[in-house]
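Counting with my numbering, you get residues 1227 to 1529 for the letters of the sequence shown.
Single-structure report; data block below.
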Amino acid sequence: MDVLFHNVRELVERAEQEGKLISEIMIEQEMLITGRSRDEIIQQMDNNLTVMEEAVERGLKGVKSVTGLTGGDAVLLQNYIAQGNSLSGDLLLDAVSKAVATNEVNAAMGTICATPTAGSAGVVPGTLFAVKNKLNPTREQMIRYLFTSGAFGFVVANNASISGAAGGCQAEVGSAAGMAAAAIVEMAAGTPQQCSEAFAITLKNMLGLVCDPVAGLVEVPCVKRNAMGAANSLVAADMALAGVTSRIPCDEVIGAMYRIGQSMSPNLKETARGGLAATPTGKAISKAIFDNGDLESIKSLQK
1227 MDVLFHNVRE LVERAEQEGK LISEIMIEQE MLITGRSRDE IIQQMDNNLT
1277 VMEEAVERGL KGVKSVTGLT GGDAVLLQNY IAQGNSLSGD LLLDAVSKAV
1327 ATNEVNAAMG TICATPTAGS AGVVPGTLFA VKNKLNPTRE QMIRYLFTSG
1377 AFGFVVANNA SISGAAGGCQ AEVGSAAGMA AAAIVEMAAG TPQQCSEAFA
1427 ITLKNMLGLV CDPVAGLVEV PCVKRNAMGA ANSLVAADMA LAGVTSRIPC
1477 DEVIGAMYRI GQSMSPNLKE TARGGLAATP TGKAISKAIF DNGDLESIKS
1527 LQK
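Here you go:
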């Protein structure tokens, strides 16, 4: 496939040499790969942005999944922020709440935009709509945020994996968190290299994260993992903007993630046979859903 970049090093080098944003390189890559016009590609991403915005808004109003395992936490977080006593800061918690909101909508069978997957769909929009209140971006800058995220997601998908079944949750929420961190840096006027550093710092700290969905559903612990992914993104972005660098280059971090996923037990890769899914409560929830069809009993397990 004829592409403008295959890895992060090539992406950063091209952006620096041509004096362009990473988001611009990704737009040009899409034009090259798909043969579509710039306007068509921008419009599609604009549509994706609208889907994300609507999902966040719906989640913040309060939703519940069919099982009752997830829902309502985004509202709790917003109420807590409104009290003005948060310890970790309003912007960070706002990102967390909006990431949770998106994944609660997903669990409630609502429409979301996979970034890069449905199970990790909360991190990118959660951070975007939180930093929006801080950086006041234009609509174009918000669309570029998604293209920057996509550039790094493209690299991971083609050099490692974005699938929990193939690489564990590090490949899903880990990748999503890195994508968001890089996009935050560009929106905050960081350099292409700083975007790379932010991605590397983020993913390094999510290596080895297993995929262990209780009852095989994208609810527990997936929703809260997106929350932590969003928090990780913001901290890593701040570190990169401060001038902190990753001692291990970004592409090598991605390679390490791939090898870790390859060596991970199948029980820890979306099979619901290990980790939290194999705890006594995890097994009881699964039994209540699939053996008894008794969703009401789940509530008693959670008390």
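Built from N, CA and C at the ideal position, the CB exists for glycine as well.
Here the structure is a predicted model, which means the values were calculated and not measured.
Under the DSSP definition of a beta bridge, which residues are partnered with residue i?
i, result
"C1437", "K1495"
"G1297", "K1290"
With a CB to CB cut of under 8 Å and the five nearest residues on each side skipped, what residues in its chain are close to residue i?
i, result
"A1300", "G1285, L1286, G1288, S1323, K1324, V1326, A1327 and E1330"
"V1277", "T1337, I1338 and C1339"
Could you pull out every residue in the same chain whose Cβ sits closer than 7 Å to the Cβ of residue i, ignoring the five residues on either side in sequence?
i, result
"I1388", "P1342, T1343, G1379, V1382, A1397, E1398 and S1401"
"V1416", "Just to set this straight, residue 1416 is Gly in the shown sequence, not Val. The residues are A1466 and L1467."
"G1298", "G1288 and K1290"
"R1240", "L1230, F1231 and I1251"
"I1530", "The displayed coordinates of the chain run from 1227 to 1529. Any statement about residue 1530 would go beyond what the structure contains."
Helix, strand or coil: how does DSSP classify residue i here?
i, result
"K1529", "At K1529 the pLDDT is 45, less than 50, meaning the model places this residue with poor confidence; the figure from the coordinates comes in the next sentence. If DSSP states are grouped into helix, strand and coil, K1529 belongs with coil."
"G1376", "helix"
"K1290", "strand"
"G1400", "helix"
"Q1309", "coil"
"I1267", "helix"
"V1449", "helix"
"S1459", "helix"
"C1339", "coil"
"N1431", "coil"
"K1246", "coil"
"A1383", "helix"
"S1346", "coil"
With a CB to CB cut of under 6 Å and the five nearest residues on each side skipped, what residues in its chain are close to residue i?
i, result
"A1409", "Y1371, T1374 and S1375"
"A1498", "P1439 and G1442"
"I1307", "D1316 and L1319"
"A1463", "A1407, I1410, V1411 and A1424"
If residue i sits next to residue j, beta carbons under 8 Å apart, how far is it from one beta carbon to the other, in whole angstroms?
i, j, result
"S1346", "N1452", "6 Å"
"A1504", "L1433", "Contact doesn't hold; Cβ gap of about 22 Å is too wide."
"G1394", "M1490", "5 Å"
"S1459", "A1403", "5 Å"
"D1477", "N1233", "5 Å"
Quick check: the Cα distance between residue i and residue j, rounded to an integer number of angstroms?
i, j, result
"M1252", "P1506", "46 Å"
"F1425", "L1502", "27 Å"
"A1386", "I1480", "7 Å"
"R1485", "M1465", "26 Å"
"E1366", "M1271", "10 Å"
"E1266", "N1493", "42 Å"
"N1362", "G1352", "15 Å"
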